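The working numbering puts the first residue of the sequence shown at 449, with every later residue one more than the last.
We put the CB at the ideal spot given by N, CA and C, even for glycine.
Computed from a prediction, not measured in an experiment: that's the story for all the values here.
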Amino acid sequence: MKPINLTFPEGRTKAVTLSYDDGKVSDREMITIMNKYGLKGTFNISYGTLGKKGKHLDYLPAEEVGELYQGHEVACHTYDHETLTRLPKHEMIAEILKNREGLEKLVDYPIRGFAYPMGVFNEEVKKILTVCGIEYARTTMHTQRYDLPRDLLEWSATCHHQDGLLEKTDAFLARNRPSVLDLFYVWGHSYEFVENNNWELFTSFCQKVSGKQEIWFATNIEIVDYLAAFQRLIFSADSSFVINPSMTDISLLVDGSRQIIAKAGGKTRLD
Numbered sequence: 449m450k451p452i453n454l455t456f457p458e459g460r461t462k463a464v465t466l467s468y469d470d471g472k473v474s475d476r477e478m479i480t481i482m483n484k485y486g487l488k489g490t491f492n493i494s495y496g497t498l499g500k501k502g503k504h505l506d507y508l509p510a511e512e513v514g515e516l517y518q519g520h521e522v523a524c525h526t527y528d529h530e531t532l533t534r535l536p537k538h539e540m541i542a543e544i545l546k547n548r549e550g551l552e553k554l555v556d557y558p559i560r561g562f563a564y565p566m567g568v569f570n571e572e573v574k575k576i577l578t579v580c581g582i583e584y585a586r587t588t589m590h591t592q593r594y595d596l597p598r599d600l601l602e603w604s605a606t607c608h609h610q611d612g613l614l615e616k617t618d619a620f621l622a623r624n625r626p627s628v629l630d631l632f633y634v635w636g637h638s639y640e641f642v643e644n645n646n647w648e649l650f651t652s653f654c655q656k657v658s659g660k661q662e663i664w665f666a667t668n669i670e671i672v673d674y675l676a677a678f679q680r681l682i683f684s685a686d687s688s689f690v691i692n693p694s695m696t697d698i699s700l701l702v703d704g705s706r707q708i709i710a711k712a713g714g715k716t717r718l719d
């Protein structure tokens, strides 16, 4: 039986994804920098706060959301940035679904991602997220590693951008393990770059990773969907062919040297 390994799209072995919270006006500068260098990210927003004055910076107006975040992913906090563990179940559900409904009217696609406000959650919250159509949720914990997620409802980033970002970037770029898929996941709040007057940190990070052929730049949900599509592949017993029932092309490394794409909605020979 031939060895078959998943790779990221186009045979890439590394991925970079970002996750930034709260939808403050400083997201404008962040997205300008990201778009310049070809990075993609996920922005977790509370619909009920849009257009309001904020503690650090003001929140973006609702009418700006659809256009500003094009090419990126809009995901959920809670509607009013409530900590879910403090609420009765029916209010948890309302906070999640009201937020989804409001944001979906702005971006015109289903919102399936979530970031826990204040990083607080428990097993009951995870169950309710699933009931409300949420497929993954980011914590505020850091792994200090470049691993793929083990539990999508308890997905922790590699690091916050204030936690040795450039050093971790250099270590990520230096890794050369073709048998392993590496994911560098950075989170934070864009207003922190304003407060600390250090947009150059974010720009330097983007410059370091930009244009690297081995890196897939993806949103959180793109990674979730890609991994899910791989799990849906149907292989023959002798691994001579594969059927891909999903809508996503999947890149496979066969026999350690042949890059083969399992085409979406079709059958692909592997021999």
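Buried or exposed, going by whether 16 or more other CB atoms sit within 10 Å of the CB of residue i?
i	result
Ala676	exposed
Met482	buried
Leu629	buried
Lys488	buried
Ser638	buried
His504	exposed
Ile579	As written in the sequence, residue 579 is Val, which differs from the Ile given in the question. The residue in question, Val579, is exposed, as its Cβ has fewer than 16 Cβ neighbours within 10 Å.
Glu648	exposed
Leu508	buried
Arg548	buried
Asn668	buried
Glu643	exposed
Glu458	exposed
Ser652	exposed
Ala563	buried
Asn692	buried
So residue i packs on residue j, CB below 8 Å; how close in whole Å?
i	j	result
Ile544	Leu577	7 Å
Thr606	Arg586	Not really, about 12 Å apart at Cβ, beyond 8 Å.
Gly486	Phe665	6 Å
Leu600	Val690	Going by Cβ atoms, the distance from Leu600 to Val690 rounds to 24 Å, so no, they are not a contact pair.
Phe491	Thr533	Not quite, the Cβ-Cβ distance comes to about 23 Å (not below 8 Å), so this is no contact.
Asp528	Lys472	Wrong, their Cβ atoms sit about 16 Å apart, outside the cutoff.
Met566	Thr531	5 Å
Leu700	Thr461	Actually they are not in contact, since the Cβ atoms of Leu700 and Thr461 sit about 13 Å apart, beyond 8 Å.
Leu718	Lys450	7 Å
Leu613	Val634	7 Å
DSSP has residue i in a bridge; who is on the other side?
i	result
Glu521	Thr490
Phe689	Arg717
His608	Trp635
Asn453	Leu701
Lys462	Asp630 and Ile663
Tyr468	Phe491 and Gly636
Phe683	Val690
Tyr507	Lys472
Arg625	Paired residues: none, contrary to the question.
Trp647	Paired residue(s): none; Trp647 is not in a bridge.
Arg706	Val702
Is there a Cβ of chain C sitting closer than 8 Å to that of residue i, yes or no?
i	result
Arg598	Here chain C cannot be found, since the structure has a single protein chain.
**OP:** Tell me the start and end of each unbroken beta strand (DSSP E) in the stretch 527 to 594 that is at least 3 residues and wholly inside, in chain order.
**Re:** The beta strand (DSSP E) runs lying completely inside the stretch 527 to 594 and spanning 3 residues or more are 561 to 563 and 584 to 590, given in chain order.
Original post:
Between the stretch 506 to 514 and the stretch 449 to 467, are three or more C-beta pairs nearer than 8 Å?
Top reply: No, because fewer than three Cβ pairs between the stretch 506 to 514 and the stretch 449 to 467 fall closer than 8 Å, the two stretches do not touch.
Original post:
Are there three or more Cβ pairs, one per stretch, closer than 8 Å when the stretch 676 to 693 is compared with the stretch 646 to 662?
Top reply: Look at the beta carbons and you see the stretch 676 to 693 not touching the stretch 646 to 662: under three pairs across the two are nearer than 8 Å.
Original post:
Are there three or more Cβ pairs, one per stretch, closer than 8 Å when the stretch 528 to 543 is compared with the stretch 555 to 563?
Top reply: The stretch 528 to 543 makes no contact with the stretch 555 to 563, as fewer than three CB pairs between them are under 8 Å.
**OP:** Determine contact between the stretch 604 to 620 and the stretch 469 to 481, defined as no fewer than three beta-carbon pairs at a distance below 8 Å.
**Re:** no
Original post:
Between the stretch 490 to 499 and the stretch 700 to 707, are three or more C-beta pairs nearer than 8 Å?
Top reply: no
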